[in-house]
Structure formats: structure tokens, C-alpha cells
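Scroll down for the structure; my scribbles are underneath it.
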Amino acid sequence: MTSPNLLGMPENVLFQILSYSSFRSIQILRKVCKPLRSFIDETEPSANLKYVEISYFDKKCIFNCENSEKKGIELEYFPKENGCFVNHIFKNSFLKNQNFSDIFLQDVHLILKFQKSILAKLEINWDSCNSRILENLEGSFKTRIFEVQFRRNMLEMSKILEIVDPKVLKSLKIRNQDSGSYSNLGNINSFLDKFENLEKLEFEDFKVSIDFRKIRNLKFAKIFVESLTLKDLEIFKEIFPNSRTPKKFSIRIEKLANIVDQISQIFGQPIISFGRQTFRDYSCKVCKPHYNATCQGITKKDVNSCATAKQAKVQYYLGMPPNAGKDRNFIPEGSCTMNLKCPAGSKMLIPVYEIGQNPVGWCAESGSNAGVWYGGNFRMPIGMGRGADACRHSDFTLD
């Protein structure tokens with residue numbers, strides 16, 4: 001009796017065997033012989049991949065994939081004189097007279113044509129949108145999570161999003177290749193209409209404009225917008241209380257469109273954040289002086305020789321003081337202590353610092369002087385705890 005072999009098996013049996021094989025095993029079988037390779041290419045058994053990463057840059061390309069057992073393949077392609085290198089783990093292959101991006105695209109096309117099941121996550125990174133990549137990714141990718149990183153504009157984003165199936169996609173994260181540039185993608189309302197089943201939306205280092213009613217069904221959103229209006233706030237007030245699903249929205253705003261005073265009326269007393277600094281908003285008439293014996297590192301014989309309230313000059317800034325929170329020495333030398341008086345109608349902003357640190361306070365005026373900040377150092381009173389409690393302390397007079 002002859003031993004069984006793959007080529008001698010009925011086609012339906014062979015197909016079942018391949019359907020339970022890993023993608024790596026299928027690719028090994030393709031190299032066994034021509035008949036087996038032809039059968040695999042014709043039937044295209046599913047690769048059953050769960051994660052795919054495609055990175056396409058000027059001098060390097062990366063393809064990374066994994067199955068449900070976290071087993072996968074990572075390939076790197078980069079140019080070399082008279083050819084290109086393909087790296088797989090510790091194995092390097094030199095392909096003479098071959099273009100690295102051509103080989104990369106051929107392999108990507110070959111691998112992805114075997115993917116039939118829904119991906120858990122698809123990630124694409126590139127310097128700029130490349131039509132050759134999109135041609136190889138044509139058709140709808142069925143993926144639940146899609147993360148894409150690029151630099152350009154709304155047109156580029158629209159082209160990229162065409163490769164994913166909007167009915168399956170649950171989470172979308174779009175990152176800017178130029179970190180910190182906050183390029184303006186423009187209005188994203190039209191593309192949101194296509195992704196009706198989306199639950200999570202995140203823009204990183206991109207600025208957008210949006211009708212917030214379009215994201216009322218999302219569970220999570222992280223967005224940077226140019227401005228926020230009172231009408232937008234009313235939408236949020238309507239969305240959250242009436243929602244059946246938990247929601248977390250992080251909206252970063254470039255300007256508040258003169259609605260600062262109305263925010264507390266709609267949502268209550270706010271907590272205002274600048275980077276990693278967090279400020280609690282208190283309304284104070286007078287913030288009495290707290291003396292810092294070290295005077296910003298300048299040794300004095302006694303506390304009273306530090307600058308008094310009348311001697312210390314208040315500095316004015318349009319917007320946030322420079323290096324606020326990073327450099328607490330922006331107050332002029334000799335004014336390490338200051339009687340910080342918040343004018344009527346202004347707010348005292350006390351930074352939240354750990355016990356033992358010397359925080360800096362600001363007063364922000366409203367009305368015609370909105371946006372002007374007063375800066376001054378003060379010492380935390382003993383027993384006050386965190387700076388956020390400053391206006392609750394007896395040394396401060398509340399409105």
C-alpha cells in the first residue's frame with residue numbers, strides 16, 4: 001500500500017486540509033511542486049490573518065502579519081546597489097536587479113489575496129498616499145480596527161478609507177506623520193456618513209471641522225477642532241444624558257468662540273487643562289501674598305526682604321505665559337513673591353501640584369480683557385495640601 005500524499009487526495013479533502021493550515025504553512029506548500037502551487041493559487045484558501053501592518057516609505061517597506069495565535073511573518077524591504085534586500089527574522093535575501101518597492105507590492109498582493117476572514121486590525125503607515133499601494137489593496141478590506149498614518153489632506157484620507165469595508169469597521173484612528181503639526185483635514189462630515197457602524201474615532205495631530213451630531217452614536221471620540229460654539233455644547237448636553245451606551249469624548253479646541261462664561265452655565269464648574277498641567281477654575285476677589293523665603297534661589301536674610309506687593313510688577317501676556325508649567329521663573333527677578341490680585345470678573349487659576357512644590361498662579365480676565373493673564377509666584381500655605389484647594393483656604397477671599 002502506498003502512503004497517502006497531498007496530490008493523491010481528492011480536491012475537496014485537500015482544500016479542507018489547507019483551510020486548517022496556517023498562512024506560513026500554505027506558503028511553504030506552494031514551494032513543494034508546481035501542481036500544488038497551482039491548486040493553492042486557484043482555490044485561494046483563507047490565510048486567517050488577524051493583524052496586518054503595511055508600512056511604505058521612500059527607503060524602506062515593512063509587511064507584518066499575525067494569526068489568532070500571535071504567530072506571523074515580518075518582512076522588511078530596502079534598496080541596495082544593483083538590487084534590494086528582503087529581511088525575514090535573521091535571514092537576508094539579496095535580489096539582484098530588482099526594485100525593493102516592486103517586490104514589496106508583489107508580495108503584499110500575493111499575501112492579501114488569501115485573506116478571506118475579517119481582520120481584527122489593519123494598520124497602514126506611509127509618508128504620502130501612493131496610488132500603486134492602493135491598486136494592490138483594491139477592494140474592501142474587512143477589518144474591525146483600522147489605524148492609518150499619513151501626511152497630506154482630506155483627499156488622501158478619502159482615498160485610503162476606500163480600501164476598508166464601512167459596514168464592518170468599528171474603530172478608526174488617523175495619525176499625522178508630521179507629529180505636532182496639526183494639519184487641517186477640513187470637513188469630515190461626508191465620510192462619517194459612510195461609517196454608520198463606527199464606535200470609536202480618533203484623530204491624532206490633525207485638525208478637523210465637524211457637525212458633532214454625526215458622532216452622537218460613537219462610544220469614544222478624540223478630536224481637535226478649530227473652534228467650539230455654544231450650539232456645539234448644547235449638542236453634547238443632549239447626547240450624553242440620553243445615551244444608552246457609555247461615552248467618552250475628548251475634544252481639543254483651538255479657540256472657544258467667546259463662550260467661556262457660558263460653559264459653566266451649561267456643564268457646571270470646569271477643569272481647564274494645558275498640556276500636562278491641570279488647573280481648577282476658582283473665582284477669587286483677592287489672593288493674599290505668600291512669601292517664598294528662597295526668592296527663586298536668591299538667598300535673603302529674612303522673608304520680609306523679598307519683594308512686597310507694591311514692589312512686584314505684574315507681567316501681562318496675551319494667551320498663556322511662555323513656558324508656563326515648564327519654567328516657573330518667567331516672573332522677573334526680585335519679584336519671587338507677589339500679591340496676586342484678581343480683578344473683579346476674573347478667575348484665579350491654581351495649578352495642581354504635589355505637596356511641597358511652589359506653584360504659579362494666574363488670573364484670567366473676562367469681558368474686554370479676555371485672554372490677558374496675570375502671573376505670580378506664591379507659596380503653598382502649610383496644611384493647604386494641593387494648589388487646587390487654594391481658594392478654599394482662609395487666606396483667599398472668594399466671590
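If you're matching positions, the sequence shown starts at 1 in UniProt numbering and goes up one per residue.
Beta carbons: idealized from backbone N, C-alpha and C, even for Gly.
At a Cβ-Cβ threshold of 8 Å, F85 and S93 count as neighbours.
By the Cβ rule, the stretch 60–77 does not count as touching the stretch 39–46, because fewer than three pairs are nearer than 8 Å. Between the beta-carbon of F195 and that of L169 there is about 6 Å, and that keeps the pair under the 8 Å contact cut.
Close CB contacts of N87 within its chain, under the 6 Å cut and outside five residues either way in sequence, are with E76 (chain order). Going by C-alpha positions, I111 is about 19 Å away from P35. Residue pairing by DSSP leaves Y20 without any beta bridge partner. Put simply, the backbone Cα of K96 is about 9 Å away from that of K80. No Cβ-Cβ contact shorter than 8 Å links I124 with I73.
When C-alpha distances from R252 are compared across S227, I54 and I215, the shortest belongs to S227. Taking one beta carbon from each stretch, the stretch 231–245 and the stretch 172–190 have fewer than 3 pairs nearer than 8 Å; the two do not touch. In the three-state reduction of the DSSP assignment, I163 falls in the coil class. For P10, there is no enclosing beta strand (DSSP E), as DSSP gives it neither H nor E. Around the beta carbon of M157, 16 or more other beta carbons sit within 10 angstroms, so the residue counts as buried. For a cut-off of 8 Å, the C-beta gap from K50 to L119 is around 6 Å, short enough to register as a contact. The straight-line gap separating the alpha-carbon atoms of T229 and A221 is approximately 18 Å. At a Cβ-Cβ threshold of 8 Å, F141 and D165 count as neighbours. The alpha-carbon of K121 is positioned some 36 Å away from that of N5. Here the C-alpha atom of L18 lies approximately 11 Å from the C-alpha atom of F114.
At least 8 Å separates the beta-carbon of I215 from that of V225. The straight-line gap separating the alpha-carbon atoms of S22 and S68 is approximately 10 Å. Here K219 is not near P241, since their CB atoms are 8 Å or more apart. Closest in C-alpha terms to K248, from the list E254, Q106, E204 and E199, comes E199. If you keep only unbroken beta strand (DSSP E) runs of at least 3 residues inside the stretch 156–236, you get 171–176, 183–187, 200–204, 206–209 and 220–227. Here Y56 is buried: its Cβ has 16 or more other Cβ atoms, across all protein chains shown, within 10 Å. In the three-state scheme derived from DSSP, where H, G and I count as helix and E and B as strand, K121 is classed as strand. Setting aside the 5 residues that flank it on each side, E162 is surrounded in the same chain by L134, each with a C-beta closer than 8 Å to its C-beta; the list follows chain order. Around the beta-carbon of I28, fewer than 16 other beta-carbon atoms lie within 10 Å, marking it exposed. At the C-beta level, R144 and S171 come within 8 Å of one another. In this structure, F203 keeps its C-beta atom at 8 Å or more from the C-beta atom of Q177. The Cβ-Cβ distance between G83 and Q106 does not fall below 8 Å. If you look at P246, you'll find it isn't in any alpha helix (DSSP H); DSSP assigns it neither H nor E. With fewer than 16 other beta carbons inside 10 angstroms of its own, V13 counts as exposed.
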